[in-house]
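Sequence lines, in order, name chains B and P. Under the working numbering, residues 2 to 97 are what the first sequence spells out, in order. Under the working numbering, residues 2 to 97 are what the second sequence spells out, in order. Have a look at the structure below before the remarks.
There are 2 protein chains.
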Amino acid sequence: MAYDLNKFFKAISDPSRVKIMELLKDKELNVSEICQHFDMQQPSVSHHLSVLKNADIVAHTKRGKEVYYRLDSICITSCCNGFQEQFMDIEKLGKA
Amino acid sequence: MAYDLNKFFKAISDPSRVKIMELLKDKELNVSEICQHFDMQQPSVSHHLSVLKNADIVAHTKRGKEVYYRLDSICITSCCNGFQEQFMDIEKLGKA
DNA sequence: TTTATACATAGGAATGTATCTATATATTAA
DNA sequence: TTAATATATAGATACATTCCTATGTATAAA
């Protein structure tokens, strides 16, 4: 899949969204569980989740009433490495 | 040096700034030379350069009337890798 | 010293973004 | 079917960002 780098970096340019990503680091959480870690209202959290989803940083699964979100670590790796490679000399490429 | 990740990602979340970074990939350029690659006015380019400078992505040297900008590739590597590591499992760390 | 050139800064208009409240939709429980 | 719960969407407001024009500052040239 081809990730949109500009969308990715815009998405991670917000501290609340990075915090959500950290919460999802090694476990799935539903929206209410994520909300408990913030002072924001639930619609704001939902908005941030939709930005992350739109950048392919998180995926979600609906189970019953709840929607569970999880991190897509391939996206993170791919975007961070892909961006770096844009600025590497040709001879340095492929060393990662 | 400790880079500000949020500042870094905000800085690279703009296509014009990424284009400046690409222009500086393997050579120093002064502001006028950079301007030639854009439809923007010079003050807008100057503004983008100051955002990049503020995030430690570029450094500059004044020579005569001209100010030459260059890319700090350590910053790029350090921020991209540093961010990724935030979301890696402990056992995976250190493999890059 | 005056003029020209290179760049930066100030201030404003248009647009984008984050947050809120109110409400819609989907699912489960009564 | 009706009520309750979980989440998403809509619309408004405040603030941030991008771009512009106008102008300031530093350096070099005349």
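We put the beta carbon where it would ideally sit given N, CA and C, even for glycine.
- Judged by DSSP secondary structure, LEU72/P falls within the beta strand (DSSP E) whose first and last residues are 67–72.
- Comparing C-alpha distances from VAL68/B to each of LYS20/B, ARG18/B, PHE9/B, LYS54/B shows the shortest one belongs to LYS54/B.
- Taking C-beta atoms as the reference points, SER14/P and ASN31/B fail to come closer than 8 Å.
- Going by C-alpha positions, GLU29/P is about 56 Å away from LYS66/B.
- Closer than 8 Å to the CB of PHE84/B there is at least one CB belonging to chain P.
- Secondary structure at ALA12/B: helix, using DSSP grouped into helix, strand and coil.
- Residues of chain B with a Cβ closer than 7 Å to the Cβ of ASN7/P are, in chain order, SER14, PRO16.
- Between the beta-carbon of CYS81/P and that of GLN37/B there is about 31 Å, and that puts the pair past the 8 Å contact cut.
- Sorting ASP73/B, LYS11/B, PHE10/B by C-alpha distance to the C-alpha of ALA60/B places ASP73/B at the top.
- The straight-line gap separating the alpha-carbon atoms of PHE9/P and ARG64/B is approximately 37 Å.
- Secondary structure at LEU25/B: coil, using DSSP grouped into helix, strand and coil.
- Exposed is the label assigned to ALA3/B, since fewer than 16 other Cβ atoms lie within 10 Å of its Cβ.
- Taking C-beta atoms under 8 Å as the contact rule, VAL46/B and ILE35/B qualify, at a distance of about 6 Å.
- Apart from sequence neighbours up to five positions away, the residues of its chain that approach CYS76/P with a beta-carbon distance below 8 Å are TYR4, PHE9, ALA56, ASP57, ILE58, ordered along the chain.
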